[in-house]
Amino acid sequence: MSDPEDRIDAWLNAEVEPLAPPPGTFDRIRHRAHGRKVRRATMSAAGAAIVIAAAAAAPGIASALLHPSAGRPERPAAVGTPAPASRPAVTGSGSGGVSSESSSPVPTPGASLSATGSGAPVPPNFQPASVTFVGQVGAVIGQAGTPGHCPIIRADCTSLAGTSDYGTSWYGVSAPVTGAPDGSRGVGQLRFLDTRDGWAFGPELWVTHDGGSSWTREKTYGMRVTDLETAGNRAFALFAKCTGSGADYAARCTSFSLYTSVAGTDQWQSVSGPAASLPQAGAGQAAAASLVLTGGPAGGQGYLLAPSGELLTGPLTGAAWTVASPGVPCPPGAPGPGGQPTGALLAADSGQLVLVCTSATSTASDTQAKLVVESSDGGAHWSKVAAALSAGIATSVAIQAQDHLVVLATDAGLYRSGDGGLTWRRTQVSPGGATAGETGFSYVGMTSLTNGVALPADPGLHEVFITTDGGISWQAHAVSPS
Amino acid sequence: MARLRTADREAAEDLFNACYPRLAGWVRRLVDDDETAHEIASEAFTRLLARWSGLDNPQSYLYMIATNLVRDHWRKSGRERRAIRSLTAGAPLDPAYHPAQDVDVRALIEALPPRLRSAFLLHYYAGFGVREVAAMLGRPEGTVKADLHHARARLKAALGD
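In order, the protein sequences belong to chains A and B. For any residue, its number in my numbering is found by taking its place in the first sequence, counting from 1, and adding 55. For any residue, its number in my numbering is found by taking its place in the second sequence, counting from 1, and adding 59.
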């Protein structure tokens, strides 16, 4: 019995001793279930009525991609009318699911992001997949309820939640009426430029100009939006032709192009120069492309790591981007679920770039060799900082150049370096210990020198993690009850 | 709103009679407490009955919900343990949680990262196939296989220490 395999098998194969229900259990369960069913049916009917009304009133798709090279039929240059802010609300399908006795999982019509909250509840079982912050105000997008039992789109319950106190408390926000990412359909990522203008994407593209109260689907002409970032007064988005299925919607992509749109216009214009058509990875390889923006419109800078390993850079004004480096020290790998970059994780801040190069993953040991390289001249030249920790599989990196802070999210926890990546310490995660302390993370971002946000790899935790001390400690905040 | 129709009620009661004892026993091995096991099994059945129509596989739904509830219980009890520890800082640690004595398979499963733990419990312990677990967790089959591999490797390494 000393062999670990034997002990595991013995535990697993031990006969489960049945536990008979106390008398009356079935009747109690039946009554409780009936009460929940009544409440849910009432709320589903209300939600459906709202959406039917909104669908009848919604105008056609208003925006189109603009491309300087006219005559490409898949990217017509027609310009639509921007959506009026007063459009009737089209709400997300945030209801249904495994609601608890006290939950109120109703899709919230017209609930928007605001500094004072919407007053609407967060749907139960909210599983955050993507997070965005503008100062203290933030939002998460994810699935809620029970897939297959959503009142509006039966299969998926795409939902939004907002916070106005940097993640401490959350309220319901209306969501795009679409599903989870599935091939060419659905959305799983979210970015807001300010508290009014936001985009939900991956692979579809939806826009709001009223803080999420109403959402409009943008045409993408058969392409998928694999990445989108906001800065200054613009959004920049990567459009690609992809054949990946299911959650791997950003897999097997070709023909990446960078587009930009001034907030409020819904007119997407191709960024001229090499970004208009990114160089591909080598033959037979399908790598990800990733986008990082820093600063505002004046002096702000964007960086785009192409599948080939070429690094492009340009201003945030819509003007042409150019090649910063023909090849960064490590090429991007195949995209992970949701288009997550692998192989080369890029972060930028105030002219400083950090690239975390990762080896192929050792699935047996759950470790990964990592190398940190940096550039202080916009990506033209790179120097090695250090071989980073081997623990965990890296998923995301964030930096604050002023404090030489680098935070790395891995499937084995969050790691922090206060010296630009030279030395690393695992961060304190609260509640720590057996569960949250071992939580893997899929995303980390720093929004100021002190404040940052991380998403657990398991959305089923219903939490985001927040730091207010420069990444030293991270506190879990529940977005919704289970 | 009508209550469960007679046929549905009979089907639900049949499922309850067939599955409750095993589900509650399954949970009891994870929480080691009869009362909590009954609470979790009852809550899982309540949620199942509240969603009764349209479920393709009620049994997998039951175990999925039970797995989530067990996870919540572990988190809650972990917080309580830590709160007690902080209150009794300076006093000897509760021997029940001394690392040297806490190395049993259940505790190690509890300590697995959530991503690995759910897949492990549903596949190895509840007996669902990889495809079924992938559908339940909304992950690709390959990811589930890798998670199962990682989970076993971690348990094996921990038990070998």
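C-beta: ideal position from N, C-alpha, C; glycine also.
Cross-chain neighbours of residue i in chain B, by beta carbon under 9 angstroms
| i | result |
| --- | --- |
| A:I521 | Result: empty, since nearest Cβ-Cβ is about 17 angstroms, beyond 9 angstroms. |
| A:G495 | P172, P173, R174, L175 |
| A:A88 | L63, A71, F104, T105, R106, L107, L108, A109, R110, W111 |
| A:R481 | Residues of chain B passing the Cβ test: none, with the nearest at roughly 14 angstroms. |
Residues that residue i bridges to, as DSSP identifies them
| i | result |
| --- | --- |
| A:T263 | A:G253 |
| B:R174 | In the DSSP output, where bridge partners are listed per residue, B:R174 has none listed. |
| A:R62 | Paired residue(s): none; A:R62 is not in a bridge. |
| A:Y498 | A:L510 |
| A:Q198 | A:Q182, A:T213 |
| A:E429 | A:V409, A:S438 |
| A:F188 | A:G193 |
| A:P370 | A:Q356 |
| A:W529 | A:V484 |
| A:I521 | A:V508, A:Q530 |
| A:C6 | Residue 6 of chain A is absent from the model: chain A starts at 56 and stops at 537. |
| A:G227 | A:A216 |
| A:D404 | A:Q407 |
Inter-residue Cα distance where the pair is residue i and residue j
| i | j | result |
| --- | --- | --- |
| A:V508 | A:I196 | 14 angstroms |
| A:G394 | A:G299 | 10 angstroms |
| A:Y498 | A:D466 | 10 angstroms |
| A:F81 | A:A286 | 56 angstroms |
| A:P386 | A:G190 | 33 angstroms |
| B:D206 | B:A212 | 10 angstroms |
| A:V462 | A:A170 | 28 angstroms |
| A:S325 | B:S119 | 48 angstroms |
| A:A88 | A:D237 | 32 angstroms |
| A:V452 | B:A83 | 42 angstroms |
| A:L477 | A:Q483 | 19 angstroms |
| A:K439 | A:P384 | 9 angstroms |
| A:R409 | A:W479 | For the sequence presented, residue 409 of chain A should be read as Val rather than Arg. A:V409 and A:W479: Cα-Cα distance of roughly 15 angstroms. |
| B:L224 | A:D58 | Given that chain B is displayed from residue 60 to residue 220, the structure contains no residue 224 of chain B and the question cannot be resolved. |
| A:A230 | A:R62 | 48 angstroms |
| A:I521 | A:A194 | 13 angstroms |
| A:Q322 | B:W133 | 50 angstroms |
| B:I116 | B:E191 | It is worth fixing the name first, because residue 116 of chain B is Asn in this sequence and not Ile. Roughly 10 angstroms between the two C-alpha positions. |
| A:F247 | A:A375 | 24 angstroms |
| A:G301 | B:A70 | 34 angstroms |
| B:S136 | A:Y314 | 49 angstroms |
| A:V192 | A:I527 | 22 angstroms |
| A:D303 | A:P76 | 43 angstroms |
| A:W66 | B:L181 | 14 angstroms |
| B:D67 | B:R81 | 21 angstroms |
Residue i: contacting residues in chain B (beta-carbon distance under 8 angstroms)
| i | result |
| --- | --- |
| A:P77 | H97 |
| A:L516 | P173 |
| A:I196 | Going along chain B, no residue has its Cβ under 8 angstroms from A:I196, so there is no contact; the nearest lies around 15 angstroms. |
| A:D466 | P172, R174 |
| A:R307 | Simply none; closest approach about 14 angstroms. |
Proximal residues of chain A, C-beta to C-beta of residue i below 7 angstroms
| i | result |
| --- | --- |
| B:E72 | F81 |
| B:V164 | R62, I63, W66 |
| B:F75 | F81 |
Residue i Cβ short of 6 angstroms to the ligand GTP heavy atom set
| i | result |
| --- | --- |
| A:A302 | This structure lacks the ligand GTP; in fact it carries no ligand of any kind. |
Per-residue contacts from residue i into chain E (C-beta, under 8 angstroms)
| i | result |
| --- | --- |
| A:P73 | Checking the listed chains, one finds no chain E in this structure; the protein chains it contains are A and B. |
Closer than 7 angstroms at the beta carbon, the chain B residues around residue i
| i | result |
| --- | --- |
| A:T201 | R110 |
| A:A512 | R174 |
Contact list for residue i against chain A, beta-carbon separation under 9 angstroms
| i | result |
| --- | --- |
| B:P199 | G301, A302, D303, P392 |
| B:D93 | L74 |
For residue j and residue i, believed in contact at Cβ under 8 angstroms, the rounded distance
| i | j | result |
| --- | --- | --- |
| A:A435 | A:S363 | Not really, about 17 angstroms apart at Cβ, beyond 8 angstroms. |
| A:L348 | A:D282 | With 8 angstroms as the limit, A:L348 and A:D282 do not qualify as a contact, their Cβ atoms being about 11 angstroms apart. |
| B:A185 | B:A210 | With 8 angstroms as the limit, B:A185 and B:A210 do not qualify as a contact, their Cβ atoms being about 14 angstroms apart. |
| A:A199 | A:S430 | With 8 angstroms as the limit, A:A199 and A:S430 do not qualify as a contact, their Cβ atoms being about 41 angstroms apart. |
| A:R289 | A:S316 | 7 angstroms |
| A:A473 | A:Q182 | As written in the sequence, residue 473 of chain A is Gly, which differs from the Ala given in the question. About 32 angstroms separates the two Cβ atoms, so there is no contact after all. |
| B:P199 | A:G495 | Going by Cβ atoms, the distance from B:P199 to A:G495 rounds to 16 angstroms, so no, they are not a contact pair. |
| B:E102 | B:L128 | 6 angstroms |
Contacts that residue i makes with chain A (C-beta to C-beta distance below 8 angstroms)
| i | result |
| --- | --- |
| B:G219 | P59 |
| B:R190 | None at all; the shortest Cβ gap to chain A is about 13 angstroms. |
| B:L214 | P59, I63 |
Beta carbons nearer than 7 angstroms to chain B: which residues of the stretch 56-69 of chain A have them? P59, E60, R62, I63, W66, L67
Identify each residue in the stretch 382-402 of chain A for which the Cβ-Cβ distance to at least one residue of chain B is less than 7 angstroms, and report them in chain order. none
Any C-beta of chain B within less than 7 angstroms: which residues of the stretch 343-373 of chain A qualify? none
Chain-ordered residues of the stretch 117-129 of chain B with a beta carbon less than 7 angstroms from chain A: Contacts with chain A (Cβ-Cβ distance below 7 angstroms) from the stretch 117-129 of chain B involve I124, N127, listed in chain order.
Can you give me, in chain order, the residues of the stretch 214-243 of chain A that have a beta carbon less than 7 angstroms from any beta carbon in chain B? none
What residues in the stretch 257-289 of chain A have a beta carbon less than 9 angstroms from any beta carbon of chain B? none
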